[in-house]
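So the sequences go chain by chain: A and B.
Residue numbering for the first sequence follows UniProt numbering, starting at 1 and increasing by one per position.
Residue numbering for the second sequence follows UniProt numbering, starting at 1 and increasing by one per position.
Below you'll find the structure, written out as structure tokens, and then a few comments.
There are 2 protein chains.
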Amino acid sequence: MPTLSEVARHAGVTPATVSNVLRNRGRVGESTRQRVLEAVDALGYRPHLAARALAEGRAPTLALMVSSIANPFYPEFALAVERAARTSGHFVIICNTNEDPLTGRAYLDQIAGTLSEGVLVTNANLQFADLHVTESRGTPVVLCMWERPNEPPGLPCVAVDFRLAGELAGKHLLELGHRRIGAIVGSKASGIHAARYEGFVDALRAAGVRKNRVKHAADTIQGGYSAARELLEADPQLTAIFATNDLPALGAMHAAADLGLTVPADLSVMGITDIQLARESRPALTTVAVPTVEVAGLAVSLLRELIESSYGQAGPGEANVPMRISSPPKLVVRASTGTPRSR
Amino acid sequence: MPTLSEVARHAGVTPATVSNVLRNRGRVGESTRQRVLEAVDALGYRPHLAARALAEGRAPTLALMVSSIANPFYPEFALAVERAARTSGHFVIICNTNEDPLTGRAYLDQIAGTLSEGVLVTNANLQFADLHVTESRGTPVVLCMWERPNEPPGLPCVAVDFRLAGELAGKHLLELGHRRIGAIVGSKASGIHAARYEGFVDALRAAGVRKNRVKHAADTIQGGYSAARELLEADPQLTAIFATNDLPALGAMHAAADLGLTVPADLSVMGITDIQLARESRPALTTVAVPTVEVAGLAVSLLRELIESSYGQAGPGEANVPMRISSPPKLVVRASTGTPRSR
DNA sequence: TTGAAAGCGCTAACAC
DNA sequence: GTGTTAGCGCTTTCAA
Numbered sequence: 001m002p003t004l005s006e007v008a009r010h011a012g013v014t015p016a017t018v019s020n021v022l023r024n025r026g027r028v029g030e031s032t033r034q035r036v037l038e039a040v041d042a043l044g045y046r047p048h049l050a051a052r053a054l055a056e057g058r059a060p061t062l063a064l065m066v067s068s069i070a071n072p073f074y075p076e077f078a079l080a081v082e083r084a085a086r087t088s089g090h091f092v093i094i095c096n097t098n099e100d101p102l103t104g105r106a107y108l109d110q111i112a113g114t115l116s117e118g119v120l121v122t123n124a125n126l127q128f129a130d131l132h133v134t135e136s137r138g139t140p141v142v143l144c145m146w147e148r149p150n151e152p153p154g155l156p157c158v159a160v161d162f163r164l165a166g167e168l169a170g171k172h173l174l175e176l177g178h179r180r181i182g183a184i185v186g187s188k189a190s191g192i193h194a195a196r197y198e199g200f201v202d203a204l205r206a207a208g209v210r211k212n213r214v215k216h217a218a219d220t221i222q223g224g225y226s227a228a229r230e231l232l233e234a235d236p237q238l239t240a241i242f243a244t245n246d247l248p249a250l251g252a253m254h255a256a257a258d259l260g261l262t263v264p265a266d267l268s269v270m271g272i273t274d275i276q277l278a279r280e281s282r283p284a285l286t287t288v289a290v291p292t293v294e295v296a297g298l299a300v301s302l303l304r305e306l307i308e309s310s311y312g313q314a315g316p317g318e319a320n321v322p323m324r325i326s327s328p329p330k331l332v333v334r335a336s337t338g339t340p341r342s343r
Numbered sequence: 001m002p003t004l005s006e007v008a009r010h011a012g013v014t015p016a017t018v019s020n021v022l023r024n025r026g027r028v029g030e031s032t033r034q035r036v037l038e039a040v041d042a043l044g045y046r047p048h049l050a051a052r053a054l055a056e057g058r059a060p061t062l063a064l065m066v067s068s069i070a071n072p073f074y075p076e077f078a079l080a081v082e083r084a085a086r087t088s089g090h091f092v093i094i095c096n097t098n099e100d101p102l103t104g105r106a107y108l109d110q111i112a113g114t115l116s117e118g119v120l121v122t123n124a125n126l127q128f129a130d131l132h133v134t135e136s137r138g139t140p141v142v143l144c145m146w147e148r149p150n151e152p153p154g155l156p157c158v159a160v161d162f163r164l165a166g167e168l169a170g171k172h173l174l175e176l177g178h179r180r181i182g183a184i185v186g187s188k189a190s191g192i193h194a195a196r197y198e199g200f201v202d203a204l205r206a207a208g209v210r211k212n213r214v215k216h217a218a219d220t221i222q223g224g225y226s227a228a229r230e231l232l233e234a235d236p237q238l239t240a241i242f243a244t245n246d247l248p249a250l251g252a253m254h255a256a257a258d259l260g261l262t263v264p265a266d267l268s269v270m271g272i273t274d275i276q277l278a279r280e281s282r283p284a285l286t287t288v289a290v291p292t293v294e295v296a297g298l299a300v301s302l303l304r305e306l307i308e309s310s311y312g313q314a315g316p317g318e319a320n321v322p323m324r325i326s327s328p329p330k331l332v333v334r335a336s337t338g339t340p341r342s343r
């Protein structure tokens with residue numbers, strides 16, 4: 001691969017001039033400019049990104065930490081992040097923690113601040129302590145899907161009102177006439193879905209429904225499947241199941257199918273998020289949509305700002321920790337919910 | 001972030017010694033070794049990967065080119081690639097081409113050889129010419145899912161016998177007694193599923209079935225859905241649908257549902273690949289499994305070899321282009337196929 | 001066993 | 001306008 005100096009030699013100028021031409025810095029005469037461009041072309045020169053990163057003291061990549069790329073939500077989110085990142089010339093390195101805090105920390109240790117100049121964190125089971133460490137080392141961190149706008153996490157974040165999402169789900173089911181509703185709370189391990197469930201319970205309370213069955217589960221189709229079966233065995237009179245995420249909701253639909261129940265005639269099912277599969281399932285899943293693309297955009301731009309300001313003044317950043325709030329979740333009614341029918 | 005020299009100063013040695021300690025190079029006295037390690041710890045030193053990359057002349061990352069991370073096959077594959085890559089200390093940069101050759105080329109131009117020292121290519125709609133260019137610039141390239149073991153592509157690759165996959169699918173359906181089978185051929189644009197369809201047709205021919213309906217479609221659930229509806233409208237007597245990929249097969253199942261057909265009683269449906277969703281759909285999808293994890297492993301290790309040898313002797317590599325062949329695809333019978341029933 | 005020195009490819013002052 | 005110079009943080013000969 002040709003280097004800057006080779007291009008310079010070829011064009012009869014110095015490396016600095018080539019650099020100037022390439023980045024439109026400093027004044028360069030039109031004729032030399034042409035000569036340089038020709039040389040670049042002739043040699044097929046491409047800047048060495050690692051060298052540039054070293055010289056500039058900043059890297060052209062952002063790291064995106066996810067718990068598992070196998071959960072279809074994350075690829076969707078990653079795609080949105082990538083699109084947003086490209087607008088500022090950033091590449092995205094996707095880091096799978098596989099729900100393992102140690103793997104997460106290892107990634108942070110290695111790439112934060114050296115290969116990437118900023119870190120985006122989704123529910124990746126990371127220790128906040130580790131995140132604070134990388135932040136204190138000068139690499140900005142943004143939490144992408146903070147679930148409680150009213151309780152800032154002490155780290156820059158984009159918050160989504162997930163309590164509201166749960167409430168909207170509960171209201172929808174109540175309005176259809178359901179009173180015996182089972183709940184599946186995903187992300188058992190991290191407990192990150194608590195706000196969603198609280199919102200759901202709030203809705204029930206407001207309607208005078210004082211209790212309901214709950215089952216905690218893994219945030220997967222399989223997890224939802226098992227939980228739904230247990231719920232339905234424990235109380236065959238359930239007319240609806242609310243899951244805190246689309247994946248377990250999909251699993252609940254499968255469980256219904258295997259139990260000979262028709263959705264929504266025998267059992268209504270709904271989730272939260274509106275991943276692509278929600279649209280593509282049969283029956284199509286009713287859900288509360290979270291503005292994924294918007295969140296990705298907000299997160300990337302917040303991270304960008306933090307990066308810029310971190311180069312401005314030294315130090316771990318200003319005193320107040322910024323938080324962006326996404327537009328509220330919205331109910332999306334599809335085919336998996338309907339009025340209850342007595343069984 | 002502390003640098004090597006700071007650690008060195010702290011330990012009362014020179015940067016070279018610290019470097020030696022960190023990489024177990026050169027002989028270092030046990031006592032200095034300890035002192036250095038302590039300093040590393042005390043300062044929280046982490047090597048600057050970009051600087052190291054520059055000094056070593058090689059990057060710690062691999063690029064994985066995919067057409068769309070929204071297609072659930074790719075995340076699964078990416079995960080397998082990431083796992084394999086980590087064993088050699090490589091990070092993976094996932095590059096979404098979004099089926100656009102220009103985006104693909106832009107990625108190649110920017111990161112190949114500068115941010116990443118090797119490129120893994122899945123069906124990302126890349127021009128072979130572009131791949132040859134990056135190869136000739138000294139960055140090894142490996143095609144991950146070459147569909148025709150008998151027709152080497154002129155680029156290092158891992159081949160999977162997809163013709164056989166199609167044949168196995170055809171045979172399975174024939175053995176169940178199906179004779180009127182519709183086919184959905186995915187990846188319309190790239191034509192990359194041709195071998196699968198050929199295998200399917202071969203199986204039909206061998207059984208004396210001379211014609212069948214085909215429909216080309218996008219490699220998505222939606223694409224399969226539309227194609228299946230058209231197929232079923234054109235010939236309501238179809239008793240089975242074979243799709244060259246799981247995603248369109250899933251779409252075909254949805255189409256059946258919307259048309260009031262029960263799978264598999266009224267219509268058998270099957271695909272190829274065995275993505276996770278195939279297991280998780282209702283009914284669970286019969287398919288021909290491709291050894292995804294194995295392919296990822298083979299691809300990464302081949303790429304690693306090419307990288308090593310490219311540092312050994314200069315030049316674009318040896319004359320013979322290596323090809324690894326995965327173990328053969330295997331039929332996985334689940335619940336979406338059964339014996340035909342006359343309608 | 002350790003240190004000195006050069007250089008990876010590029011950028012950024014600053015001088016000419 | 002263009003060249004000179006000094007690094008960015010690390011590795012790696014080669015001397016000592």
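All C-beta atoms, glycine included, are put in the ideal place defined by N, C-alpha and C.
Keep in mind the model is a prediction, meaning the values are calculated, not measured.
State the DSSP-derived secondary structure class of Ala-215 (chain B), mapped to helix, strand or coil.
First, the amino acid is wrong: residue 215 (chain B) is Lys here, not Ala. Three-state DSSP puts Lys-215 (chain B) in a strand.
I need the straight-line Cα distance from His-254 (chain B) to Gly-271 (chain A), nearest angstrom please.
20 Å
Skipping 5 residues on each side, what residues in its chain have a beta carbon closer than 6 Å to that of Ala-299 (chain B)?
Same-chain partners within the cutoff: Leu-120, Val-142, Cys-144 and Val-158.
Exposed or buried, Val-7 (chain A), counting other C-beta atoms within 10 Å across all chains shown (16 or more means buried)?
buried
Counting only Cβ pairs nearer than 8 Å, list the residues of chain B close to Ser-111 (chain A).
First, the residue type needs correcting, since residue 111 (chain A) is Ile and not Ser in the sequence shown. Going along chain B in sequence order, the residues near Ile-111 (chain A) (Cβ under 8 Å) are Leu-49 and Phe-91.
With a threshold of 8 Å between beta carbons, is His-254 (chain B) in contact with chain A?
yes
Selected residue, minimal CA-CA separation from Asn-125 (chain B), among B:Glu-82, B:Asp-161, B:Arg-83 and B:Ser-187:
B:Ser-187
Does any residue of chain A have a CB that is nearer than 8 Å to the CB of Gln-237 (chain B)?
no
For Arg-35 (chain A), which residues in the same chain have their Cβ closer than 6 Å to its Cβ, ignoring the five residues on either side in sequence?
Taken in chain order, the residues that qualify are Ala-11.
Taking the alpha carbon of Ile-111 (chain B) as the reference point, which residue from B:Gly-138, B:Pro-322, B:Pro-248 and B:Arg-324 has its own alpha carbon closest?
It is B:Gly-138.
Quickly, what does DSSP pair Met-65 (chain B) with across the bridge? List them, please.
According to the DSSP secondary-structure assignment, Met-65 (chain B) is paired through a beta bridge with B:Cys-95 and B:Val-121.
Among residues of its own chain, excluding the 5 on either side of Lys-171 (chain B), which ones have a beta-carbon nearer than 7 Å to its beta-carbon?
Ala-203
Where the region 137-169 of chain B meets chain A: residues whose CB sits under 8 Å from a CB there:
For the region 137-169 of chain B, the residues whose beta carbon sits under 8 Å from a beta carbon of chain A are, in order, Arg-137 and Gly-138.
Thinking Gln-76 (chain A) and Ile-275 (chain A) are a contact (beta carbons under 8 Å), I'd like their distance in whole angstroms, please.
It should be noted that the sequence gives Glu, not Gln, for residue 76 (chain A). Sure, about 6 Å apart at Cβ, within 8 Å.
Inter-residue spacing [alpha-carbon to alpha-carbon] between Arg-304 (chain A) and Arg-86 (chain A)
12 Å
Just how far apart, CA to CA, sit Val-160 (chain A) and Glu-30 (chain A)?
51 Å
Hey, out of A:Leu-232, A:Ala-189, A:Gly-191 and A:Ala-207, whose CA is closest to Leu-168 (chain A)'s CA?
Among A:Leu-232, A:Ala-189, A:Gly-191 and A:Ala-207, the Cα nearest to that of Leu-168 (chain A) is on A:Ala-207.
Partner residues on chain B for Arg-46 (chain A), Cβ-Cβ distance less than 9 Å:
Asp-109, Gln-110, Ala-112, Gly-113, Thr-114 and Arg-137
Cβ shell of Tyr-225 (chain B) (< 6 Å), same chain only, five flanking positions each side left out
Gly-251, His-254 and Ala-255
Here's the rule I'm using: 16 or more other beta-carbon atoms within 10 Å means buried, otherwise exposed. How should Leu-115 (chain A) be labelled?
buried
Measuring straight from C-alpha to C-alpha, what distance separates Glu-147 (chain A) and Ser-327 (chain A)?
13 Å
Given a cut-off of 8 Å, decide if Leu-238 (chain A) and Leu-231 (chain A) are closer than it, judged by their beta-carbon atoms.
yes
Report yes or no: is there a C-beta of chain A within less than 8 Å of the C-beta of Glu-280 (chain B)?
yes
How many Å lie between Asp-219 (chain A) and Ala-218 (chain B) at the Cα?
29 Å
Which of helix, strand or coil DSSP assigns to Leu-126 (chain A):
Taken through DSSP and simplified to helix, strand or coil, Leu-126 (chain A) comes out as coil.
Could you check the C-alpha separation between Thr-339 (chain A) and Lys-215 (chain A) for me, to the nearest Å?
The alpha-carbon atoms of Thr-339 (chain A) and Lys-215 (chain A) are separated by roughly 23 Å.
Could you tell me if residue 374 (chain A) is buried or exposed, where buried requires 16 or more neighbouring beta carbons within 10 angstroms of its beta carbon?
Residue 374 (chain A) cannot be examined here, being either before or after the span of chain A that is shown, 1 to 343.
Go to Lys-330 (chain B), then tell me how far its beta strand (DSSP E) extends in each direction, as first and last residue.
330-332
What residues of chain B sit near Ala-257 (chain A), judged by a beta carbon separation below 9 Å?
Arg-282 and Pro-283
Could you round the C-beta distance between Val-28 (chain A) and Pro-156 (chain A) to whole angstroms and report it? I think they count as a contact, below 8 Å.
Not quite, the Cβ-Cβ distance comes to about 39 Å (not below 8 Å), so this is no contact.
DSSP state of Ala-284 (chain B), grouped into three classes?
coil
Output needed in chain order: residues of the region 75-86 of chain A with a Cβ under 7 Å from some Cβ in chain B.
Within the region 75-86 of chain A, the residues whose Cβ lies closer than 7 Å to some Cβ of chain B are Pro-75, Glu-76, Ala-78, Leu-79 and Glu-82, listed in chain order.
Taking 8 Å as the threshold (C-beta atoms), are Val-290 (chain A) and Ala-165 (chain A) in contact?
yes
Chain A within 8 Å of Ala-314 (chain B), Cβ atoms only:
In this prediction, Ala-314 (chain B) has a pLDDT of 47, which is less than 50 and means its spatial position is unreliable; what the coordinates show is noted afterwards. Ala-314 (chain B) does not count as touching chain A.
Starting from Leu-54 (chain B), find everything on chain A with Cβ-Cβ shorter than 8 Å and list it in chain order.
Here the neighbours are His-48, Ala-50, Ala-51 and Leu-54.
Answer yes or no: does any C-beta atom of chain A fall closer than 8 Å to that of Met-1 (chain B)?
Met-1 (chain B) counts as touching chain A.
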